[in-house]
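Per my numbering, the sequence shown starts with residue 21, numbered consecutively. For every residue, glycine included, the Cβ atom is placed at its ideal position computed from N, Cα and C. Please read these numbers as outputs of a predicted model, since none were measured by experiment. Here the structure is laid out as structure tokens; the discussion comes afterwards.
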Amino acid sequence: MKKETVTIQMEAEKLRAVKRYMEKKDANLEKELGDSLQKLYEKYVPATVREYIDESANEKSPASPSLKKQKEKMGAAPSSNGAQTPAER
């Protein structure tokens with residue numbers, strides 16, 4: 021799925037402080053913000069909309085190797101009406 025960038029502003033001194041104390045706890049600011057944004061998404065976007073978005077993203081992504089193998093196997097099997105499949109020609 022295509023990613024977008026979110027830009028926010030914060031007072032410089034506060035930002036330096038949060039970065040400094042997060043480093044002491046081996047925390048990553050971008051990861052924490054990403055996790056928080058994901059929680060907001062799950063809180064406010066209805067489940068049906070999230071499912072639709074997930075399904076749309078899966079349809080646009082390339083087929084997984086196992087799915088490709090299944091399609092190849094199906095294409096290699098003779099058709100029930102006796103006609104040759106494209107893989108048999």
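Cβ pair L49, V38 closer than 8 Å
yes
Measuring only the C-alpha atoms, how far is L60 from E31?
23 Å
DSSP-derived helix/strand/coil call for N48
coil
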